[in-house]
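Novice: Residues 196 to 609 (my numbering) are what the sequence shown spells out, left to right.
Glycine is no exception: its CB is placed at the ideal position from the N, C-alpha and C atoms.
As the structure is a computational prediction, the values presented were derived from the model and not from experiment.
Below you'll find the structure I mean.
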Amino acid sequence: MMNTFTWLFVAVLAAASATRLWLSLRQIRHVRAHRGAVPGMFAESIPLAAHQKAADYTVAKARLGVIDTVLDALILLALTLGGGLQWLSSLWERVFPLDSLWHGTALILSVFLAKGVLGLPLDLYRIFVIEERFGFNRLTLKLYATDLVKHLLVGAVLGIPLLLVMLWLMQAAGPLWWLYAWLVLISYSLFLQMVYPAVVMPLFNKFSPLSDPVLAAKVEELLRRTGFRSRGLYVMDGSKRSSHGNAFFTGFGAAKRIVLFDTLVSRLQPAEVEAVLAHELGHYKLHHVIKGMALSFAFSFVLLFALGALASQPWFYQGLGLRTASPAIALLLFLLVVGEFTYFLQPLLSLFSRKNEYEADRYAAQYANPAELAQALVKLYHDNSSTLTPDPLHSAYYDSHPPAAMRIARLRTT
Ligand SMILES: [Zn+2]
196 MMNTFTWLFV AVLAAASATR LWLSLRQIRH VRAHRGAVPG MFAESIPLAA
246 HQKAADYTVA KARLGVIDTV LDALILLALT LGGGLQWLSS LWERVFPLDS
296 LWHGTALILS VFLAKGVLGL PLDLYRIFVI EERFGFNRLT LKLYATDLVK
346 HLLVGAVLGI PLLLVMLWLM QAAGPLWWLY AWLVLISYSL FLQMVYPAVV
396 MPLFNKFSPL SDPVLAAKVE ELLRRTGFRS RGLYVMDGSK RSSHGNAFFT
446 GFGAAKRIVL FDTLVSRLQP AEVEAVLAHE LGHYKLHHVI KGMALSFAFS
496 FVLLFALGAL ASQPWFYQGL GLRTASPAIA LLLFLLVVGE FTYFLQPLLS
546 LFSRKNEYEA DRYAAQYANP AELAQALVKL YHDNSSTLTP DPLHSAYYDS
596 HPPAAMRIAR LRTT
């Protein structure tokens, strides 16, 4: 059963897991070492107690990340080389023929369900112990449970048709199935981007038009200055689940809406919200959204091409602990292990994202007051207990946003 690919997989999984653990431990060590003093440039704006809370919060999350990494690696090994997938596949073979769409669908859904159940304790711990202890959690167990059921239903309604089409293409569309699958995938994701804000998000949150007249006037003026057209400005009741704040856009073209979290509106002054929004507008105006989408489409093209090549190779199945082969098993194996191989691309994606953040900051500095943006960032870091002293390597590997000190330093020089 074992072959060269087995050893490649084990080596990559070990290297990825070891890198994850090493970076987490570095982060914990670095944040703890700087817990005693607020960095100079924040000395006047952030109290020591808040800095220490941020350190403790960061360390608690990083520790949970360590457990998560180990658990994920064990689950992956159990499913593949441990024979878990083979066992489940044989189980479903008693109900449906191996090559049928039903067998494939049942197998994939049962694996995702099992992974979800295994991940549940950590998720509960993260929300009801860590977020709770640091005062961020607003979820009740009841709301958590209804959210979970809604997510499952939405996932089933949106995911199962796509899954059926994919499996059918793999079976029936010939050697170029992966190309058709890619076309289906990108059309579907464009369709989702239209449907999601209008149909799915209102299932979870309330969106009300922005009522603060001072802020509304400032935002209108900003939109006029930047020539940005939107279908409205909304406040979302993010405080229902968490006290973390945010601002974002949904939708496309002329149908895009601007959404502000209620937590953001209540904590920041109108001029600060305006500056944060100018930054978000920057992402749109500088085509970061389109570039990000193009990148992810290119990425899925490469991945589907790889899956197309692997699905017909017996060594792919055998190397990952499977005796039987089917399109669903190929898709499942691929989805389970691909993250270990692409993990090493993470620093490049983070770099791309941080470059965009600097560009959006520069845009915000042109169309709003950079001092207000810097002030808003300090408040957001403070309120979200984000660490001001991340480990530089951990930050370079993962962080989608540059460290606060570097962003603010740049805003001061623009
Ligand atoms: Zn941004």
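Let me check you understand the geometry: is the CB of residue 571 closer than 7 Å to at least one non-hydrogen atom of ligand 1?
Specialist: No, since every heavy atom of ligand 1 falls outside the 7 Å radius drawn around the Cβ of residue 571.
Novice: Since residue 437 sits in a beta bridge, which residues does DSSP pair it with?
Specialist: DSSP, once it has assigned bridges, lists 332 as partnering residue 437.
Novice: Less than 7 Å separating the Cβ of residue 563 from some heavy atom of ligand 1?
Specialist: Not under cutoff, so the answer is no.
Novice: In whole angstroms, what is the alpha-carbon distance linking residue 258 and residue 211?
Specialist: Going by the C-alpha atoms only, they are around 17 Å apart.
Novice: May I ask you to report which of helix, strand or coil DSSP gives residue 371?
Specialist: Coil, per DSSP.
Novice: If you run the structure through DSSP and keep just helix, strand and coil, what is residue 403?
Specialist: Reduced to three states, the DSSP call for residue 403 is strand.
Novice: Out of 204, 385, 361, which has the shortest C-alpha to C-alpha gap to residue 375?
Specialist: Checking every option, the nearest Cα to that of residue 375 belongs to 361.
Novice: For a test of your reading of the model: does the CB of residue 552 fall under 7 Å from any non-hydrogen atom of ligand 1? Yes or no.
Specialist: Because some heavy atom of ligand 1 lies under 7 Å away, the Cβ of residue 552 counts as near it: yes.
Novice: Short check: CB of residue 333 to CB of residue 401, under 8 Å?
Specialist: Not closer than 8 Å, so no.
Novice: When the Cα of residue 426 is compared with those of 235, 393, 554, which residue comes out closest?
Specialist: Looking at the Cα atoms, 393 is the closest of the given residues.
Novice: Can you grab the Cα-Cα spacing for the pair residue 534 / residue 274, in whole Å?
Specialist: Distance between the alpha carbons of residue 534 and residue 274 is about 15 Å.
Novice: I believe residue 553 touches residue 597 by the beta-carbon criterion, under 8 Å. Please report the beta-carbon distance rounded to the nearest angstrom.
Specialist: Rounded, the Cβ-Cβ distance is 6 Å, consistent with contact.
Novice: Rounded to a whole number of angstroms, what is the C-alpha to C-alpha distance between residue 269 and residue 491?
Specialist: Each residue's alpha carbon lies about 28 Å from the other.
Novice: Should residue 589 go down as buried or exposed, given a rule of 16 or more other Cβ atoms within 10 Å for buried?
Specialist: Buried: at least 16 other Cβ atoms inside 10 Å.
Novice: Does the Cβ of residue 555 lie closer than 7 Å to at least one heavy atom of ligand 3?
Specialist: Absent from the structure shown: ligand 3. Ligands present: ligand 1.
Novice: Reducing DSSP to helix, strand and coil, say where residue 462 ends up.
Specialist: Residue state, collapsed to three classes: helix.
Novice: Name the DSSP bridge partner or partners of residue 429?
Specialist: The partner list for residue 429 (beta bridge, DSSP) reads 404, 454.
Novice: Just to confirm the assignment: which complete alpha helix (DSSP H) runs, minimum length 4, are found wholly within the stretch 575-607?
Specialist: As far as the stretch 575-607 is concerned, its whole alpha helix (DSSP H) runs of at least 4 residues are 587-593.
Novice: Is residue 555 helix, strand or coil when you go by DSSP?
Specialist: It is helical.
Novice: Hey, quick one: how far does the alpha helix (DSSP H) through residue 322 stretch, first residue to last?
Specialist: Per DSSP, residue 322 belongs to no alpha helix (DSSP H) and is neither H nor E.
Novice: Could you give the DSSP three-state label for residue 442: helix, strand or coil?
Specialist: Of the three classes helix, strand and coil, the one that applies to residue 442 here is strand, per DSSP.
Novice: Does the separation of the CB atoms of residue 443 and residue 460 fall below 8 Å?
Specialist: Taking 8 Å as the Cβ cut-off, residue 443 and residue 460 do not qualify as a contacting pair.
Novice: Should residue 215 be labelled buried (16 or more other beta-carbon atoms within 10 Å of its own) or exposed?
Specialist: Label assigned to residue 215: buried.
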